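Keeping their order, the protein sequence lines are chains A and B. Here numbering that gives the first Met the number 0 is used: the first residue of the first sequence is 0, the next is one more, and so on. Here numbering that gives the first Met the number 0 is used: the first residue of the second sequence is 0, the next is one more, and so on. Ideal placement from N, C-alpha and C gives every residue a C-beta, glycine not left out. Note that this is a predicted model, so its numbers are computed, not measured. Okay, so here's the structure we're looking at.
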Amino acid sequence: MYSNLIKTIILLCVSGSAMAHELTPTYPKLEPTYVKGVLSTKLIMWIARVDVEHYKIEVTNAVWNDVPFITDEKIVRLGYQERREIEIFLPEDTTAQYICTRSLLEKGKRSRSIISSKVCSKIK
Amino acid sequence: MLKIVVPMAASILATEALAQTEIVGNVESKCIIVSETPGVYGNPNPYQLTTNPTNGGVMPIIRYDVLAADYYKAVIEYPVSFSSSPTLDDVVTWSGDVNVSEVSDTLMSDYDTNKVEYDNAHEYEMTIAGSTWFKISSTADYGYAKSFPAGQYTAVVEAECIPI
Chain A
0 MYSNLIKTII
10 LLCVSGSAMA
20 HELTPTYPKL
30 EPTYVKGVLS
40 TKLIMWIARV
50 DVEHYKIEVT
60 NAVWNDVPFI
70 TDEKIVRLGY
80 QERREIEIFL
90 PEDTTAQYIC
100 TRSLLEKGKR
110 SRSIISSKVC
120 SKIK
Chain B
0 MLKIVVPMAA
10 SILATEALAQ
20 TEIVGNVESK
30 CIIVSETPGV
40 YGNPNPYQLT
50 TNPTNGGVMP
60 IIRYDVLAAD
70 YYKAVIEYPV
80 SFSSSPTLDD
90 VVTWSGDVNV
100 SEVSDTLMSD
110 YDTNKVEYDN
120 AHEYEMTIAG
130 STWFKISSTA
140 DYGYAKSFPA
150 GQYTAVVEAE
160 CIPI
């Protein structure tokens, strides 16, 4: 019995590290700001990827064309297991439908095949 | 006087400080993309790079964790170009595939049957909450059996999670 328990613990310890990318809430709401004609929403990014440090914020309409928006940093630097709140400002007549964060991969990395992740939220 | 002051002072000193700190958490629908295996190209022939394990390659594996059913679709694109490579003066022919390799719920077994394919993209509707592992295969052939120049080749798998 104990040998099975020890084997299970060892197996859990040597399991591959997970590298995760998350963006919440799934359906953010646009709310008015103190500036007339400007709406805003807040999202939280959480990153657990050791191979990526930079992420690009993209805001698109229903057919995936970029729409104008304002935020503090359009390219965000986030390290492993870091969380960041991002605020997006949009005009009242915006056609924005998706807010996405995409991982940016650096050239010259040793891995021959790399995974680029993009997680989106849909504006209600 | 001391008979009153001393007990009062003792009672003040004896009073314990009490503080409460809240821990707040939200459970909400979300999609998490986890890169479990980055993948490696094997080079079985001078003119071919492939992730096929029988040819020395390693297939990339991506896990999608979906906390609420019917909220998301997963779009995975296998590579159709190198993101970095030595200078190439001939055409590279790309092929690839995306398949479900493991699931946390047996009801997800229909994902491959119901997926939509277009160009190099495979689109899955995540109709069941839980974890799904996707395996990506990729092969690049250079010219007509022409040798790849020496150097480092990198290709990117795009994994997207989009709310429905």
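Rounded separation between residue i and residue j - CA only
| i | j | result |
| --- | --- | --- |
| B/Ile-32 | A/Arg-101 | 11 Å |
| B/Val-79 | B/Leu-48 | 12 Å |
| B/Ser-137 | B/Val-57 | 10 Å |
| A/Glu-84 | B/Leu-87 | 42 Å |
| B/Tyr-70 | B/Gly-41 | 37 Å |
| B/Pro-162 | B/Tyr-143 | 42 Å |
| A/Ser-115 | A/Val-37 | 32 Å |
| B/Ala-16 | A/Ala-47 | 38 Å |
| A/Glu-105 | A/Leu-77 | 14 Å |
| B/Thr-131 | A/Ala-19 | 14 Å |
| A/Val-66 | A/Glu-72 | 16 Å |
| B/Asp-140 | B/Trp-93 | 7 Å |
| B/Pro-85 | B/Tyr-117 | 29 Å |
| B/Gln-151 | B/Phe-81 | 10 Å |
| A/Tyr-33 | A/Leu-89 | 13 Å |
| A/Gln-96 | B/Ala-18 | 44 Å |
| A/Tyr-1 | B/Asn-51 | Reliability fails at A/Tyr-1, whose pLDDT of 45 lies under 50, so the model's placement of it is uncertain and the value that follows must be treated cautiously. Their Cα atoms are separated by approximately 38 Å. |
| A/Ile-43 | A/Thr-25 | 10 Å |
| A/Leu-11 | B/Val-115 | The predicted model places A/Leu-11 with a pLDDT of 32, which falls under 50 and marks its position as unreliable; any figure quoted below should be read in that light. If you take the alpha carbons of A/Leu-11 and B/Val-115, they lie about 35 Å apart. |
| B/Met-125 | B/Tyr-110 | 8 Å |
| B/Gly-129 | B/Ile-22 | 25 Å |
| A/Ser-39 | A/Asn-60 | 16 Å |
| A/Pro-31 | B/Glu-35 | 40 Å |
| B/Ser-108 | A/Cys-99 | 28 Å |
| B/Tyr-123 | B/Glu-101 | 14 Å |
| A/Lys-35 | A/Thr-93 | 14 Å |
| B/Ala-68 | B/Gly-24 | 21 Å |
| B/Pro-148 | B/Val-39 | 18 Å |
| A/Val-62 | B/His-121 | 18 Å |
| B/Ser-20 | A/Tyr-79 | First, the amino acid is wrong: residue 20 of chain B is Thr here, not Ser. Rounded to whole angstroms, B/Thr-20 to A/Tyr-79 spans 26 Å at the Cα level. |
Spatially closest choice to residue i from the options, by CA coordinates
| i | options | result |
| --- | --- | --- |
| B/Asn-54 | B/Glu-122, B/Leu-106 and B/Asn-44 | B/Asn-44 |
| B/Val-99 | B/Asp-118, B/Leu-87 and B/Asn-113 | B/Asn-113 |
| B/Pro-37 | A/Val-49, A/Ile-98 and A/Val-66 | A/Val-49 |
| A/Glu-52 | A/Ile-113, A/Lys-121, A/Cys-119 and A/Leu-103 | A/Leu-103 |
| A/Lys-41 | A/Ala-47, A/Lys-35, A/Pro-27 and A/Val-34 | A/Pro-27 |
| A/Glu-91 | A/Ile-69, A/Tyr-79, A/Thr-25 and A/Glu-81 | A/Ile-69 |
| B/Leu-106 | B/Ile-127, B/Gly-150, B/Thr-50 and B/Leu-17 | B/Ile-127 |
| B/Glu-73 | B/Lys-145, B/Lys-29, B/Asp-89 and B/Gly-150 | Strictly speaking, residue 73 of chain B in this sequence is Ala, with Glu absent from that position. Checking every option, the nearest Cα to that of B/Ala-73 belongs to B/Lys-29. |
| A/Glu-81 | A/Gln-96, A/Trp-45 and A/Ala-95 | A/Trp-45 |
| B/Ser-146 | B/Glu-101, B/Tyr-46 and B/Val-23 | B/Tyr-46 |
| B/Asn-119 | B/Glu-157, B/Tyr-110 and B/Glu-101 | B/Glu-157 |
Supposed close pair residue i, residue j - CB separation, criterion 8 Å
| i | j | result |
| --- | --- | --- |
| A/Lys-117 | B/Glu-76 | Their Cβ separation, rounded to whole angstroms, is 10 Å, which puts A/Lys-117 and B/Glu-76 out of contact at 8 Å. |
| A/Ile-87 | A/Val-75 | Actually they do not touch by this definition, with Cβ atoms about 12 Å apart. |
| B/Phe-133 | B/Val-97 | 6 Å |
| B/Gly-95 | B/Ile-60 | Not a contact, Cβ separation roughly 14 Å. |
| A/Leu-29 | A/Ser-120 | Not quite, the Cβ-Cβ distance comes to about 12 Å (not below 8 Å), so this is no contact. |
| B/Thr-153 | B/Ser-83 | 5 Å |
| A/Ile-122 | B/Val-155 | With a Cβ gap of about 27 Å, A/Ile-122 and B/Val-155 do not count as contacting. |
CB contact check: residue i to chain D, cutoff 7 Å
| i | result |
| --- | --- |
| B/Glu-101 | The chain labelled as chain D is not found among the protein chains of the depicted structure, namely A and B. |
Worksheet item: When Cβ atoms are compared, which residues of the region 20–50 of chain A fall closer than 9 Å to chain B?
Response: Considering only beta carbons, the part of the region 20–50 of chain A lying closer than 9 Å to chain B consists of His-20, Glu-21, Leu-22, Thr-23, Pro-24, Thr-25, Tyr-26, Trp-45, Ala-47, Arg-48 and Asp-50, in chain order.
Fill in: Against chain B: residues of the region 66–90 of chain A by CB proximity under 7 Å
Of all residues in the region 66–90 of chain A, none has a Cβ within less than 7 Å of some Cβ in chain B.
Worksheet item: Name the residues in the region 144–163 of chain B whose C-beta lies less than 9 Å from a C-beta of chain A; which are they?
Response: Taking 9 Å as the Cβ-Cβ cut-off against chain A, the residues of the region 144–163 of chain B that qualify are Gln-151, Tyr-152, Thr-153, Ala-154, Val-155, Val-156, Glu-157, Ala-158, Glu-159, Cys-160, Ile-161, Pro-162 and Ile-163.
Worksheet item: Pairing CB atoms from the region 58–73 of chain B with CB atoms from the region 50–69 of chain A, are three or more of them under 8 Å?
Response: Short answer: they don't touch.
Fill in: Residues within the region 22–56 of chain B neighbouring chain A, beta-carbon criterion of under 9 Å
Only those residues of the region 22–56 of chain B whose C-beta falls short of 9 Å from the nearest C-beta of chain A are listed: Asn-25, Glu-27, Ser-28, Lys-29, Cys-30, Ile-31, Ile-32, Val-33, Ser-34, Glu-35, Thr-36, Pro-37, Gly-38, Val-39, Tyr-40, Leu-48, Thr-50 and Gly-56.
Discussion item. Closer than 7 Å between beta carbons: that is the criterion. Which residues of the region 56–69 of chain B meet it against chain A?
Written reply: Listed by position along the chain: Pro-59 and Ile-61.
Discussion item. Counting only Cβ-Cβ distances shorter than 9 Å, please list the residues of the region 119–145 of chain B near chain A, keeping chain order.
Written reply: Hits within the stretch, in order: Ile-135 and Ser-137.
Worksheet item: Closer than 8 Å, Cβ to any Cβ of chain A: which residues of the region 76–88 of chain B, in chain order?
Response: Going along the region 76–88 of chain B in chain order, one finds Pro-78, Ser-82 and Ser-83 with a Cβ nearer than 8 Å to chain A.
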